[in-house]
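Per numbering that gives the first Met the number 0, residue 0 is the first one in the sequence shown, and the count goes up by one each step.
Even for Gly, the Cβ is constructed at its ideal location relative to N, Cα and C.
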Amino acid sequence: MLQTRQDVLGERFQSQRAAFEAQPFPDIGVRKDHLKRLLTLTERHEADICAAIDADFGGRSVHETRLAELFVVRAGIRHTLSHLKGWMRERRVATTMPFLPGRNRLVPQPLGVVGIVSTWNYPFQLAVAPVTAALAAGNRVLVKPSELTPAFSALLARLAGEHFAPDELSVITGDAELGKAFASMPFDHLLFTGSTAVGRQVAIAAAANLTPVTLELGGKSPAIFDPSCDLDAAAASIAYGKLLNAGQTCIAPDYLLVPKGQAGAVAAKLATAIARLYPTLRDNPDYTAIISDRHYQRLREMINEARDAGAEVAEINPAGEAFGAASRKFLPTLVRNASPNLRLMREEIFGPVLPIVEYAVIDEAIDHVNRADRPLALYWFGRDSGNRQRILRETIAGGVTINDCMLHLVQENQPFGGVGASGMGAYHGEWGFRTFSKQKPVFLQSRLSAGGLLRPPYGKTFERLFSLLRHIT
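Okay, structure coming up:
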């Protein structure tokens with residue numbers, strides 16, 4: 000079966016390669032047609048997409064799927080349709096004095112066949128958003144969705160087949176072994192969304208073909224409460240940002256830094272904010288389950304280790320509900336006084352668990368962030384503009400939202416991507432178009448060029464002209 004799937008992968012790749020060679024520079028009409036079909040796929044099948052993702056999670060908020068996946072993708076496609084003509088335009092680039100009256104142009108050219116490996120936590124958004132950019136740039140696209148969302152992955156494969164020819168857009172489903180084969184294909188560009196550990200493997204596989212990669216990874220994204228912040232408003236934002244999709248979000252706040260002496264008060268405000276969002280948990284359709292038993296047990300082991308090591312663990316259960324053994328709903332959990340060597344403090348949590356760490360002065364908060372790998376996101380809450388500038392200038396993160404959570408992700412006029420261990424490259428809006436295009440420099444020589452005077456045989460004319468060039472440059 001694995002060999003058959005790999006055969007299908009190879010056939011689809013070759014089909015797309017041949018189709019691109021036959022149409023290496025699709026005009027704007029072709030590209031807009033692809034984008035409009037992608038928009039139709041998104042709008043016409045909303046209920047099916049929500050139901051499939053809900054089934055895979057064993058309980059996924061339909062409202063969160065509509066907001067965080069379908070709405071975001073729909074907005075991205077419409078933004079791209081509105082701006083594509085300008086993005087495709089050849090750009091004039093200034094020509095330096097010695098080469099006038101020649102002219103420079105920058106031509107955005109499609110790359111060819113693009114591979115996209117998407118992950119399970121936002122399976123529609125993280126597959127279709129990069130597809131939007133790749134199709135806008137004029138490429139053919141192969142997608143490998145996650146094996147952890149089998150119902151959705153099968154649905155996406157079927158919908159892609161209904162709305163696109165296989166040599167335009169194709170979805171290949173399969174397990175992790177197929178994923179390895181996929182990453183080893185000689186794509187013209189490969190985008191991977193997932194963990195840092197797997198991202199390293201993908202980069203190694205792609206390097207064998209010199210395939211350029213965009214890696215959208217994760218890490219421990221900090222949130223920082225400044226002494227000047229509004230604690231009630233900040234706690235409400237953190238509670239929402241941490242518990243959206245039950246914390247299974249690559250840019251979710253991973254841990255919270257608060258001024259010394261405030262951890263208890265902040266924990267109480269967070270508990271109140273959580274209860275306001277989710278007055279019940281077990282049967283609440285607004286509160287999402289953990290994707291798999293393995294991920295659930297991983298979170299449980301982290302909590303048990305922290306409790307055994309003496310950390311203060313507070314599980315928030317507003318209605319005092321009992322949970323059956325089959326339930327993958329995980330209680331929102333606040334952890335105080337966790338030692339730095341615990342898994343909770345070293346690994347990306349990816350669940351509804353929030354460590355709270357105190358700091359004495361802003362230098363200590365900055366040092367705490369900078370001691371770890373560079374995060375995908377950073378959140379700062381406060382009114383002190385001086386401290387805000389210090390955080391922005393003295394820490395490095397993939398993106399930042401001030402006085403809220405995650406909103407930098409949905410800005411189509413801004414790039415989204417990581418830095419260091421949290422990823423490389425970026426997409427969204429025009430940044431995605433550029434990622435999947437070759438910005439090809441073109442120089443147009445003029446008939447009036449004097450360049451021939453710099454060619455052999457060298458002599459006095461060369462020396463006089465070369466002296467002039469040195470002077471004007």
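>> If I measure Cβ to Cβ from L468 and keep anything under 6 Å in the same chain, skipping five residues before and after, which residues do I get?
In response: Here residue 468 refers to the residue found at position 469 of the sequence shown. Same-chain partners within the cutoff: P97.
>> Going by beta-carbon coordinates alone, are A318 and P278 separated by less than 9 Å?
In response: In the sequence shown, the residue the question calls residue 318 occupies position 319. In the sequence shown, the residue the question calls residue 278 occupies position 279. With contacts defined by Cβ atoms closer than 9 Å, A318 and P278 form a contacting pair.
> Less than 9 Å separating the beta-carbons of G114 and L189?
Replying inline: As a first step, residue 114 must be located in the sequence shown, where it is residue number 115. As a first step, residue 189 must be located in the sequence shown, where it is residue number 190. Cβ atoms of G114 and L189: closer than 9 Å.
> For P23, does the three-state DSSP call read helix, strand or coil?
Replying inline: Reading the sequence shown from its first residue, position 24 is the one you call residue 23. The answer is coil: DSSP assigns P23 none of H, G, I, E or B.
> In its own chain, which residues sit with a C-beta less than 8 Å from the C-beta of R73, not counting the 5 before and 5 after it?
Replying inline: In the sequence shown, residue 73 corresponds to position 74, counting from 1. Apart from sequence neighbours up to five positions away, the residues of its chain that approach R73 with a beta-carbon distance below 8 Å are L38, T41, E42, ordered along the chain.
> Applying the criterion that 16 or more other CB atoms from any shown protein chain within 10 Å of the CB defines a buried residue, is I471 buried or exposed?
Replying inline: Locating residue 471 in the sequence shown gives position 472, where the first residue counts as 1. In summary, I471 is exposed, with fewer than 16 beta-carbon neighbours lying within 10 Å of its beta-carbon over all protein chains present.
>> Can you tell me whether V360 is helix, strand or coil according to DSSP?
In response: As a first step, residue 360 is located in the sequence shown; it is residue number 361 there, counting from the start. Coil.
> Excluding sequence positions up to five away, which residues of its chain have a Cβ less than 7 Å from the Cβ of A266?
Replying inline: Reading the sequence shown from its first residue, position 267 is the one you call residue 266. Around A266: A313, L333, R335, I355.
>> Less than 9 Å between the C-beta atoms of G217 and F415, yes or no?
In response: Your numbering for residue 217 matches position 218 in the sequence shown. Your numbering for residue 415 matches position 416 in the sequence shown. For G217 and F415, no; Cβs fall outside 9 Å.
> Taking the alpha carbon of Q413 as the point to measure from, which residue in R327, G431, H44, D282 has its own alpha carbon closest?
Replying inline: As a first step, residue 413 is located in the sequence shown; it is residue number 414 there, counting from the start. Among R327, G431, H44, D282, the Cα nearest to that of Q413 belongs to G431.
> Do you know how far the Cα of N369 is from the Cα of H33?
Replying inline: Mapped onto the sequence shown, residue 33 falls at position 34. Mapped onto the sequence shown, residue 369 falls at position 370. Those two C-alpha atoms are separated by around 43 Å.
> When you compare each of L125, A21, A133 to L110 by their alpha carbons, which one comes out closest?
Replying inline: Within the sequence shown, residue 110 is the residue found at index 111, counting from 1. Here the closest residue by C-alpha is A133.
> Within the chosen definition, does the region 45-59 reach the region 11-27 through at least 3 CB pairs nearer than 8 Å?
Replying inline: No, because fewer than three Cβ pairs between the region 45-59 and the region 11-27 fall closer than 8 Å, the two stretches do not touch.
> Which residue's Cα is closest to the Cα of A310: F322, V130, F163, A337?
Replying inline: The residue you call residue 310 lines up with position 311 of the sequence shown. For the residues F322, V130, F163, A337, the minimum Cα distance to A310 belongs to A337.
> If you draw a straight line from the C-alpha of Y239 to the C-alpha of L276, how long is it?
Replying inline: Within the sequence shown, residue 239 is the residue found at index 240, counting from 1. Within the sequence shown, residue 276 is the residue found at index 277, counting from 1. Each residue's Cα considered, the two are about 8 Å apart.
> Do you know how far the Cα of A196 is from the Cα of I203?
Replying inline: Position 204 of the sequence shown, counting from 1, holds the residue named residue 203. Position 197 of the sequence shown, counting from 1, holds the residue named residue 196. Taking the straight line joining both Cα atoms gives about 11 Å.
>> Can you tell me whether E462 is buried or exposed? The criterion is at least 16 other CB atoms within 10 Å of its CB, across all chains shown.
In response: Numbered from its first residue, the sequence shown carries residue 462 at position 463. The residue is exposed, with fewer than 16 neighbouring Cβ atoms inside 10 Å.
> For the region 53-140, which segments carrying the alpha helix (DSSP H) assignment without a break, of at least 4 residues, lie completely within its bounds, in sequence order?
Replying inline: Entirely contained in the region 53-140, the alpha helix (DSSP H) runs reaching 4 residues are, in chain order, 61-64, 71-87, 124-135.
>> Taking its Cβ as the centre, do 16 or more other Cβ atoms sit within 10 Å of Q296, making it buried, or is it exposed?
In response: Position 297 of the sequence shown, counted from the start, is the residue given in the question as residue 296. Exposed, because fewer than 16 other Cβ atoms sit within 10 Å of the Cβ of Q296.
> CB-CB under 7 Å to N208, same chain, minus the five flanking residues each way: which ones, in chain order?
Replying inline: In the sequence shown, residue 208 corresponds to position 209, counting from 1. In the same chain as N208, and ignoring 5 residues on each side of it, the C-beta atoms closer than 7 Å to its own belong to P185, in chain order.
> Where S194 and M423 are concerned, what is the direct C-alpha to C-alpha distance, given to the nearest angstrom?
Replying inline: Start at 1 with the first residue of the sequence shown, and residue 194 comes out as number 195. Start at 1 with the first residue of the sequence shown, and residue 423 comes out as number 424. Rounded to whole angstroms, the separation of the alpha carbons of M423 and S194 is 13 Å.
> P122 and P144 look like a contact to me (Cβ under 8 Å); what is the Cβ gap, rounded to whole Å?
Replying inline: Start at 1 with the first residue of the sequence shown, and residue 122 comes out as number 123. Start at 1 with the first residue of the sequence shown, and residue 144 comes out as number 145. That pair is a contact at about 6 Å.
> Taking just the CA atoms, how far does F224 sit from Q5?
Replying inline: Along the sequence shown, one-based indexing puts residue 5 at 6. Along the sequence shown, one-based indexing puts residue 224 at 225. If you take the alpha carbons of Q5 and F224, they lie about 50 Å apart.
>> Classify Q388: buried if its beta carbon has 16 or more other beta carbons within 10 angstroms, exposed otherwise.
In response: Working through the sequence shown from its first residue, we reach residue 388 at position 389. Taking all protein chains shown into account, Q388 has fewer than 16 neighbouring C-beta atoms within 10 Å of its C-beta and is therefore exposed.
> I think I401 touches V418, with their Cβ atoms under 8 Å apart; what is that distance to the nearest whole Å?
Replying inline: Locating residue 401 in the sequence shown gives position 402, counting from the first residue. Locating residue 418 in the sequence shown gives position 419, counting from the first residue. With a Cβ gap of about 18 Å, I401 and V418 do not count as contacting.
> If you follow the alpha helix (DSSP H) that I390 is part of, which residue opens it and which one closes it?
Replying inline: In the sequence shown, residue 390 corresponds to position 391, counting from 1. Run containing I390: 384-393, per the alpha helix (DSSP H) assignment.
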